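In what follows, a structure is listed as structure tokens, so that the remarks can point back to it.
In the numbering used here, the protein residues as written are 12 to 97.
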């Protein structure tokens, strides 16, 4: 199910398209995935987490999040996770 929401923000007007689903695909054991990508610098040993910056309508602000998304029908959990990392 898709919705279009017209919302005023900052100095202009934007249109957000949102989607939601009420049940998970029968082919998947879970509804969605969250990926926690960790990068390690081979010279310094420092560890970095990869985050996405996304605008979220409910808080009218940007958030930092781990990549995540719904598992599509006939898609494995691994395929879904890889898609979210692209």
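All residues carry an ideal CB built from backbone N, CA and C; glycine is no exception. Source: prediction; values computed, not measured.
Taking 8 Å as the threshold (beta carbon to beta carbon), is residue i in contact with chain B?
{"i": "residue 45", "result": "Absent from the structure: chain B. Only one protein chain is present."}
Let's see if you can read the secondary structure: which residues bound the alpha helix (DSSP H) around residue i?
{"i": "residue 88", "result": "88-96"}
At the level of alpha carbons, what is the spacing between residue i and residue j?
{"i": "residue 82", "j": "residue 44", "result": "7 Å"}
{"i": "residue 47", "j": "residue 56", "result": "18 Å"}
{"i": "residue 89", "j": "residue 54", "result": "30 Å"}
{"i": "residue 13", "j": "residue 34", "result": "With a pLDDT of only 41 at residue 13, under the threshold of 50, the placement of this residue in the model should not be trusted; the figure read from the coordinates follows. Answer to the nearest angstrom: the Cα atoms are 15 Å apart."}
{"i": "residue 85", "j": "residue 97", "result": "19 Å"}
Is it true that the CB of residue j sits closer than 8 Å to the CB of residue i?
{"i": "residue 80", "j": "residue 87", "result": "no"}
{"i": "residue 66", "j": "residue 49", "result": "no"}
{"i": "residue 77", "j": "residue 64", "result": "no"}
Per the DSSP calculation, residue i is bridged to which residue(s)?
{"i": "residue 47", "result": "DSSP output for residue 47 lists no bridge partner at all."}
For the beta strand (DSSP E) that residue i lies in, which residues bound it at each end?
{"i": "residue 80", "result": "79-81"}
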